[in-house]
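Chain order of the listed sequences is A and B.
Every number in this note's numbering is 261 more than the matching position in the first sequence, counting from 1.
Every number in this note's numbering is 1 more than the matching position in the second sequence, counting from 1.
In what follows, a structure is listed as structure tokens, so that the remarks can point back to it.
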Amino acid sequence: MAFDENDRVFNASACGDNCSKWILQIAKDKDLTINLRHIMDFGEGKFEARVLNTGQMVHNMLEFLDVAGEYV
Amino acid sequence: MKGKHKVVVKNNKLHYEFEIKRNITIIKGDSATGKTTLINMIRQYANLGVSSGVDVVCDVPCRILEGPDWQLVLRNVSGYILFTDEENAFIRTEQFAAAVRDSDNYFVIITRESLYNLPYSVEEIYGIHSSGKYQNTKQVYQQLYKIYSEAEHFPIEPKYIVVEDSNSGYKFFKDITRESDIRCESAGGKSKLYSLLCGMKDETCVIADGAAIGAEMEKLHKLSQMYRNIKLYLPESFEWIILSSGVIEGKDVSKIECEIGKTIRQDAGCLFFRGGYTEKNKFYNFFENSSKF
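Pasting the structure below:
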């Protein structure tokens, strides 16, 4: 994921919640598109992500949960 | 298949020990906790026996269910504990769910996804961690722990009760709250609970059958953690509340309650009583017609 240069979509549910901090870390340097089949815990901090199912931007777990719960 | 079954899977480096109690057990959790290793060890034992270096100890046979021939395997095994994981796409299918419902095997499914086709219990969702039992030795002891085991703090004073179903359970709680200022509403099914609860501001108590709510738990649990006004009350089932309340007399009832795993096949949605098969609707009719109730 960190070294991919082909804009692949990664199945982050295969990684587990312990990888969420690394996903946020990688996303600081480049745009990252992931597929989730569970509600990944991105922690208590702020982040920025667009949920492609709806186009909505979310900035924390509360906003993410409100959207993600409808899809996974 | 009924009852609890202790499973030990070990080699000279790892020791897994856990108890399977129901027809569906879910194991989930972070990566590198040993979930895939468990599956691999069972597969090695099934393929190579003792020469694999793995030992699987259980009073019923254990094997892996995987690959395109899974239906063929399921048709030909009975009384097994079958392990599978999310690398098998069939676990998400309605065909698999139907096969599980009709099967006389127990299933242990390793997945992070919520499997909405399957009715599994909130009590049978586990993670794996190293317990340190064999600390300072070469062998690591891997233990299953219940993910949703935290107890709610009682009493709570809800302003709003949301009941999963729209049948007897809802009627029961609706009657209880009729003469209070507590609003009681049916969600019309467990799949509708989440959208009903989003943005809920009132003190809310959600009542749902714990025996089948497993797939909804990830988001309901996160919701209750984020929105502290939402509490989850997940008894085994409404029928369980009645059985354990003491309003039904008879030694068979107390015996069923005490030996639920031995007496009743743990299929959510159906109850099999000793001496016969009783569908859920017939169970309700029994209580509606019983003079003691």
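Where a beta carbon is used, it is the ideal one built from N, C-alpha and C, also for glycine.
In this text the structure is predicted, and so the values were computed from the model without any measurement.
Mind checking if residue i is an interface residue toward chain B, Cβ cutoff 7 Å exclusive?
i	result
G316 of chain A	no
L218 of chain A	Nothing about residue 218 of chain A can be read from this structure; chain A reaches only from 262 to 333.
D268 of chain A	no
L313 of chain A	no
D278 of chain A	yes
I'd like to know whether the C-beta of residue i is nearer than 7 Å to at least one C-beta of chain A.
i	result
D210 of chain B	no
S220 of chain B	Residue identity check: residue 220 of chain B is Lys in the sequence provided, not Ser. For K220 of chain B, the answer is yes, since a Cβ of chain A falls inside 7 Å of its Cβ.
R102 of chain B	no
D31 of chain B	yes
Y195 of chain B	yes
R76 of chain B	no
C206 of chain B	no
C185 of chain B	no
C199 of chain B	yes
Over the uninterrupted alpha helix (DSSP H) stretch that includes residue i, give me the two end residues.
i	result
I249 of chain B	No alpha helix (DSSP H) holds I249 of chain B; DSSP gives it neither H nor E.
K172 of chain B	S169 to T178
M322 of chain A	M322 to A329
K160 of chain B	No alpha helix (DSSP H) contains K160 of chain B, which DSSP labels as neither H nor E.
K289 of chain A	S281 to D290
V101 of chain B	E95 to R102
Could you pull out every residue in the same chain whose Cβ sits closer than 6 Å to the Cβ of residue i, ignoring the five residues on either side in sequence?
i	result
K175 of chain B	C185
T26 of chain B	V109 and E125
V55 of chain B	N12, M42, Q45 and Y46
D316 of chain B	Within the shown structure, residues of chain B are numbered from 2 to 294, placing residue 316 of chain B beyond reach of any answer.
Q317 of chain A	V328
L293 of chain A	I287
F222 of chain A	The requested residue 222 of chain A is not part of the displayed model; chain A covers only 262 to 333.
E95 of chain B	N118
I208 of chain B	V164 and Y234
Near residue i, which residues of its chain fall below 7 Å by C-beta distance, leaving aside the five closest residues on each side in sequence?
i	result
Y146 of chain B	Y127, G128 and H130
S187 of chain B	V164, D166, S167 and Y171
G189 of chain B	S167
I177 of chain B	none
V78 of chain B	N106
I315 of chain A	The question names Ile, but residue 315 of chain A is Thr in the sequence shown. Here the set comprises V328.
V58 of chain B	V9
Just curious, the beta strand (DSSP E) that residue i is in, first and last residue?
i	result
H130 of chain B	I126 to S131
L145 of chain B	V141 to K147
V312 of chain A	A310 to V312
K307 of chain A	Counting along the chain, K307 of chain A falls outside any beta strand (DSSP E), and DSSP gives it neither H nor E.
V270 of chain A	Taken as a continuous stretch (DSSP letters only), V270 of chain A belongs to no beta strand (DSSP E), as it is neither H nor E.
F84 of chain B	I82 to D86
F108 of chain B	Y107 to I111
I231 of chain B	I231 to Y234
V319 of chain A	Q317 to V319
Excluding the five sequence neighbours on either side, which residues of its own chain have a C-beta within less than 8 Å of the C-beta of residue i, listed in chain order?
i	result
F19 of chain B	K7, V8, Y127, Q144 and L145
D60 of chain B	H6 and K7
I300 of chain A	F325, L326, A329, G330 and V333
D302 of chain A	D278, S281 and M322
What residues in the segment 280 to 310 of chain A have a beta carbon less than 7 Å from any beta carbon of chain B?
C280, R298, H299 and I300
Below 9 Å between beta carbons is the criterion; list the residues of the segment 223 to 253 of chain B that meet it against any residue of chain A, in chain order.
K223, L224, M227 and Y228
Tell me the start and end of each unbroken alpha helix (DSSP H) in the segment 4 to 70 of chain B that is at least 4 residues and wholly inside, in chain order.
36 to 49
Give, in chain order, every unbroken run of the alpha helix (DSSP H) that is at least 4 residues long and sits entirely within the segment 187 to 227 of chain B.
194 to 198 and 218 to 227
Along the segment 104 to 115 of chain B, where does the CB come closer than 8 Å to a CB of chain A? Name the residues.
R113, E114 and S115
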